[in-house]
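Have a look at the structure below before the remarks.
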Amino acid sequence: MSEGENVKVAVRVRPFNGREKERNATLIIEMSGAQTKITDPSGANEEKKFTFDFSYWSHDGCKDDGSGYFAPDTSHSNGKKFADQQKVFNELGVGVLKNAWEGYNSTLFAYGQTGSGKSWSMVGYGVNKGIVPLYCDMLFKDIAKKKEEGAKEQFEVTFSMLEIYNENCRDLLDSSGKKAALRVRQHPKSGFYADGLNEVPVGSYEEIEQRTAEGTRNRTVASTKMNATSSRAHTIVCIKFIQKSVNDAGEEMAKSSEVNLVDLAGSERAESTGATGDRLKEGAAINQSLSSLGNCIAALADQAGGKNTRVPYRNSVLTKLLKNALGGNSKTIMIAALSPADINYDETLSTLRYADRAKQIKCSAKVNEDPTAALIRELQEENEKLKQMLATGKVDVSLMEGDDTADMTDEERAAMKNELKEEYESMLEKNKKDMDNMEAEFQKRLEEAKLTSDYGSIAEINEKKKKHPHLYNLNMDPQMTGKIIHFIIEDDCTIIGNGKGEGTDLTLRGGSIIDIHCKINHKDGVFTLETFPNARTLRNGKAVTNETKTLKHHDRLVFGTTQFFVFANPLDTSGCKVEEPTFEMAQAEIATKSGGFDMSGANKSREEALLQQELLEIMPAVEEANSVSEALGKKKRFDLMIVSPEARGELNGRTEVMVKMTCTDTKHEWIWDRNKFIDRKCIMSEMMDKYEDGLEWQVPQDKDPFYDDPKADFHIGSVKMWLQSVSYMIESNETLDVTDFKGSPVGKMSIGVFPCDPKGKEFTEKDDKFVEDPNALVGKNIDFKVKIVNARGLPNKYTDVYCKYKVYLEDKFTQTKAIKDTTNPDFNHERVVSMQGTQENVDFLKTGAFIVQIWGKQKDQKPKAGNKLKMAAAGGQGLHVVNTNQQRFDPEKVKYMMEVTALKKRQEKMEHKLTHMRKMIEVAEEHQKRKVSTKLIKDIYNAPTNDQAEKCIALIPLEKGRKQ
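According to this note's numbering, numbering within the sequence shown proceeds without interruption in unit steps and concludes at 1251.
This is the structure:
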């Protein structure tokens, strides 16, 4: 690599996975050559264009070539631009392999949101192999070809898999799946490294494939303790390649390369490390590492632009390990994985911007030579100099550093030359023996590594699956689905439990798994599921408790809260409606059958599709959090909530998934947004891992994910006050429902808006400020008074109750005084709001509103003995949901009611005017007036009161003019 070569960046649109069609999503990505364009589906922003080194369209335009491989479909409109796995490898992976042969370090990392296709590019699926397997396969094919051609080089390949989860490094090749977190240290020459990482010598691609399967299996076993999926962890595959050869002078030479292939965690987690979400003190570590990676990329981009900026490599384990990849001794490629669906616009745009910064980074790679080989070469060069000096009789004094050679005789000089020659030859021989020993050691390690592999033949297991009934796991990460397999062969009983019960056949570790959780009975080809009380088990989305169910091929089973499995019986000919169960499918049917949510994909808006996607993501996390809380004795319960913007106290936005945490002792409640909950849940999972491994899991209160301040202000509910009446300069005095997060009424509020002058004097009928058309206010100053009189019937568990609100474009909240120890607080709050009569402001008054939020502090409510709030622990079934899609409170209904009230008042005004005009006509006819002056008509029409109108009408007979 030349000095300062930029990081290469490729963007790739993920393969079609069915979600876009199911959710009626439209595509927002277009690619043409190296250019990528993204369109905002809302139309709020202009189309944005980016240019990268490579742009790969892999969404559609392909077909199965008969073997399961997705090849370009020439009959499709996008067939010519479809980038299959081989094309991506030829343009990216082959270059990485070439770098390895030349002795350069290389790094290729995939970045993007969960489900965008990172694992597809890196690992692939089935015959559609990704960069990792294709790289390994070609590496050993090239080695075999070299050997067939008679190459004398010796080759050494070592393989390791490392996972960074919550800032802990876990060696995925450790057979126990429980290895303590590795330490990240800094070597003075080679940079950061994982101390104690298990690097396995491998001699063929098949061995790497086998080791990868073992590593993934161990990862699955470890992660299924609390279902920590790849979206919450970074996985680094490291392949070290050493080439040893003998040069013409008989020297041992060595070149080495280190290739890091990295599948990063889902990038959507990174958003919560900014202004949203909850960081605790240490933050959620995955978010921290992605945020740190972004900070490093931004700093490196600034450096490339000439700024003197410090790069914060030390801020996370991930950036420490990728230091060389980002700005040091490595050739680096970034794959930015993109979702083309409109529901993912924000995340996709964020990924494109991230990639655009990354391409500005410059790295400086150099050929890596083994230190011993370099020393041998240097010694040989010095030896050649010595031979030349011996032949010419000239002595290079610099070789005799530290010695006084000025007074030496020729004999002494000759003796010293011979001594120096012997010393160099001795050093050369010693180093040659060391290299031989190193080679012997590698061969020994290689043989030992082969002996330790106990996974068996993958092909044999796949064949066995076609003939025998079995259970296999489902996982959010498709690459981890099917990595746990349990065969059921004999006519007998299979016992499933946590390993503590006698005779357990399948041991599962996870939330709410009890000693003997359930049994699968097998007799005469019939399989039945036998469940027990207090054992949470779901079959095809429905709870099964203390009963027996017949199992059919492809039944989806959930044991406890985190263990998702499929019962597969290839001998079952009764038929199955589900061709290939997925984790997402299993989650959707639980949400439908146990939670009452509408999870169908038909006729969903973009907002509804996004809500559905969030539900599928957060459902298992809520169940997991409840299990961890129970196991650790935290006395907290978590419930899923679907919350509208009005219920959150916001005017705008979309309906969101939130989580309520309840203390089962004090009954304190806390409402967490999705980001805050996921951040904390990850730390809960880490605590549970340590607890199950017998390690110290307790943390200080300020770092405890289950802790929230009981004295913190709590959002009791909200009231939405519409302003249409002000647009007609009519007062509105209402008593409205206060609604909580669930949309349920929790009290009443007396609130009103009153047109007034700038000093707060309210207008009366005599002031005649009523307008028939709100546009008449354009160009005038508009003032109105907000009155919050009181609230009645609030829950008695709150004290220090106060209100706060913002009107239209105000930046800061206006807050009332806090009222203690009453369910009927009197606020008696008044405030004048002034705005200019622009068309925009008038339009807002006609259709807009403002929301008053009611806040307070929660009182301790110790329950009586025997009346504690029960956890939905081992015996809990279905979903923990505190509200459903059924709407308890309709804000539109309130809006219409207030509109009707305003219209009634407006109608009253107009009826008064109409009455005055009728009386004017009657009086004019009575006095036979042919004409009435325009001024008098206007005075009568605009008269604010009946008295004033009567006075004006009495002037009609006195007006001069001809009678009829």
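A virtual CB, placed ideally from N, CA and C, is assigned to each residue, including glycine.
Among V300, K368, D629, which residue has its Cα nearest to the Cα of G330? Looking up residue 330 in the sequence shown gives position 43. When the alpha-carbon of G330 is set against those of V300, K368, D629, the nearest one is in D629.
Can you grab the Cα-Cα spacing for the pair L636 / P302, in whole Å? Mapped onto the sequence shown, residue 636 falls at position 349. Mapped onto the sequence shown, residue 302 falls at position 15. Looking at the two C-alpha atoms, the distance is approximately 18 Å.
Beta-carbon proximity list for V471, same chain, < 8 Å, skipping 5 on both sides: As a first step, residue 471 is located in the sequence shown; it is residue number 184 there, counting from the start. Around V471: C456, F479, Y480, A481, D482, V604, K607, L608.
So, are the CB atoms of G798 and E933 less than 8 Å apart? Walking along the sequence shown from the start, residue 798 turns up at place 511. Walking along the sequence shown from the start, residue 933 turns up at place 646. Result no, Cβ atoms of G798 and E933 do not sit closer than 8 Å.
The stretch 1008-1016 in contact with the stretch 1032-1049 per 3-pair CB rule at 8 Å: Three or more pairs of CB atoms, one per stretch, sit closer than 8 Å, so the stretch 1008-1016 contacts the stretch 1032-1049.
Got a sec? Which residues, its chain only, sit under 8 Å from K1099 by beta carbon, not counting five neighbours each side? Sequence index remark: in the sequence shown, residue 1099 carries index 812 (1-based). Counting only Cβ-Cβ distances below 8 Å, and skipping sequence neighbours, we find K1093.
Which runs of the alpha helix (DSSP H) spanning at least 4 residues fall entirely within the stretch 864-947, listed in chain order? Qualifying alpha helix (DSSP H) stretches, in chain order: 870-880, 893-919.
How big is the Cα-Cα spacing for L927 and K947? One-based indexing of the sequence shown puts residue 927 at position 640. One-based indexing of the sequence shown puts residue 947 at position 660. About 7 Å.
Please check the pair L587 and I648, which I expect to be a contact at CB under 8 Å, by giving their CB distance rounded to whole angstroms. Indexing the sequence shown from 1 puts residue 587 at position 300. Indexing the sequence shown from 1 puts residue 648 at position 361. In this structure L587 is in contact with I648, their Cβ atoms being roughly 4 Å apart against a cut-off of 8 Å.
Nearest-angstrom Cα separation, counted from Q900 out to E558: Mapped onto the sequence shown, residue 558 falls at position 271. Mapped onto the sequence shown, residue 900 falls at position 613. Low confidence applies to E558: its pLDDT is 41, below 50, so where it sits in the model is not reliable, and the reading given next is rough at best. Distance between the alpha carbons of E558 and Q900: 17 Å.
Assign S685 to one of three DSSP states: helix, strand, or coil. Sequence index remark: in the sequence shown, residue 685 carries index 398 (1-based). No answer about S685 holds up, because its pLDDT of 42 lies below 50 and its placement is not dependable.
Go to I1224, then tell me how far its alpha helix (DSSP H) extends in each direction, as first and last residue. Looking up residue 1224 in the sequence shown gives position 937. I1224 -> alpha helix (DSSP H) spans 1221-1228.
Going by other Cβ atoms of all chains shown within 10 Å of its Cβ, with 16 needed for buried, is S1014 buried or exposed? By 1-based counting over the sequence shown, the position of residue 1014 is 727. Buried.
Is it buried or exposed for M1122, if we count other Cβ within 10 angstroms and need 16 for buried? Walking along the sequence shown from the start, residue 1122 turns up at place 835. Flag for M1122 reads buried.
What is the rounded straight-line gap between the Cα of L1230 and the Cα of R961? Numbered from its first residue, the sequence shown carries residue 1230 at position 943. Numbered from its first residue, the sequence shown carries residue 961 at position 674. It should be pointed out that residue 1230 corresponds to Ala in this sequence rather than to Leu. Those two C-alpha atoms are separated by around 57 Å.
Length of the line joining the Cα atoms of L484 and N602: As a first step, residue 484 must be located in the sequence shown, where it is residue number 197. As a first step, residue 602 must be located in the sequence shown, where it is residue number 315. Approximately 21 Å, taken between the alpha carbons.
Beta strand (DSSP E) segment containing P420, residue limits: For this step, residue 420 is matched to residue 133 along the sequence shown. Here P420 belongs to no beta strand (DSSP E); instead the alpha helix (DSSP H) covers 418-435.
From the DSSP output, in three-state form, read off Y641 for me. Translated into the one-based positions of the sequence shown, residue 641 becomes position 354. Three-state result, Y641: helix.
Under the assumption that V414 contacts S345 (Cβ atoms under 8 Å), give the Cβ distance between them as a whole number of angstroms. By 1-based counting over the sequence shown, the position of residue 414 is 127. By 1-based counting over the sequence shown, the position of residue 345 is 58. At roughly 15 Å, the Cβ-Cβ gap does not stay under 8 Å, so V414 and S345 are not in contact.
Using the Cβ count rule (16 or more neighbours within 10 Å means buried), how would you classify D966? Along the sequence shown, read from residue 1 onward, the residue named residue 966 stands at position 679. The residue is buried, with at least 16 neighbouring Cβ atoms inside 10 Å.
Under a CB-based cut-off of 8 Å, is L605 close to chain E? This model lacks chain E altogether; it includes just one protein chain.
DSSP three-state assignment for S559, whether helix, strand or coil: As a first step, residue 559 must be located in the sequence shown, where it is residue number 272. Low confidence applies here, because S559 scores a pLDDT of 35, under 50, leaving its location unreliable; read the following figure in that light. Helix.
Rounded C-alpha distance that separates K1200 from E1237: As a working mapping, residue 1200 is identified with position 913 in the sequence shown. As a working mapping, residue 1237 is identified with position 950 in the sequence shown. About 12 Å.
So the candidates are G940, Q372, S1220; which of them puts its Cα closest to the Cα of L1242? Against the sequence shown, residue 1242 aligns to sequence position 955. Distance from the Cα of L1242 is smallest, within the candidate group G940, Q372, S1220, for S1220.
Rounded separation between A572 and I905 - CA only: If you number the sequence shown from 1, residue 572 lands on position 285. If you number the sequence shown from 1, residue 905 lands on position 618. In this predicted model, A572 has a pLDDT of only 47, less than 50, meaning its place in the structure is not dependable; the value taken from the coordinates is given anyway. The alpha-carbon separation between A572 and I905 amounts to approximately 18 Å.
Name, in chain order, the residues that DSSP records as bridge partners for H809. Taking the first residue of the sequence shown as position 1, residue 809 is located at position 522. Paired residue(s): F814.
According to DSSP, is L314 helix, strand or coil? Taking the sequence shown and counting its residues from 1, one reaches residue 314 at position 27. Per DSSP, reduced to three states, the secondary structure at L314 is strand.
Using only CA atoms, which one of G593, K594, K610 lies nearest to C583? Along the sequence shown, one-based indexing puts residue 583 at 296. Cα-wise, what sits closest to C583 is K610.
Straight-line CA distance for T338 to I418? Here residue 338 refers to the residue found at position 51 of the sequence shown. Here residue 418 refers to the residue found at position 131 of the sequence shown. So the alpha carbons of these two residues sit roughly 23 Å apart.
Counterpart residues of A520 in DSSP-defined beta bridges: On the sequence shown, residue 520 is found 233 positions in, with the first residue counted as 1. In the DSSP assignment, A520 forms no beta bridge with any residue.
Buried/exposed call for V813, threshold 16 Cβ in 10 Å: For the purposes of this step, residue 813 is taken as residue 526 along the sequence shown, with counting starting at 1. The Cβ neighbour count for V813, taken over all protein chains shown within 10 Å, is under 16; the residue is labelled exposed.
CA-to-CA distance, G404 to V1326, given in whole angstroms: Outside the shown range of the chain, which is 288 to 1251, sits residue 1326, and nothing can be said about it.
Determine contact between the stretch 542-556 and the stretch 383-395, defined as no fewer than three beta-carbon pairs at a distance below 8 Å. By the Cβ rule, the stretch 542-556 counts as touching the stretch 383-395, because three or more pairs are nearer than 8 Å.
Measure the C-alpha to C-alpha separation of Q1140 and G1004 and round it to an integer number of angstroms. To locate residue 1140, count along the sequence shown from 1; it is residue 853. To locate residue 1004, count along the sequence shown from 1; it is residue 717. Rounded to the nearest whole angstrom, the CA to CA distance from Q1140 to G1004 is 6 Å.
As assigned by DSSP and simplified to three states, the class of N1020: The residue labelled residue 1020 in the question sits at position 733 within the sequence shown. In the structure shown, the three-state DSSP call for N1020 is strand.
Top-ranked residue by Cα proximity to D1000, from T1086, D811, T1026, Y600: What you label residue 1000 is simply residue 713 of the sequence shown in a count that begins at 1. Nearest C-alpha to D1000: T1086.
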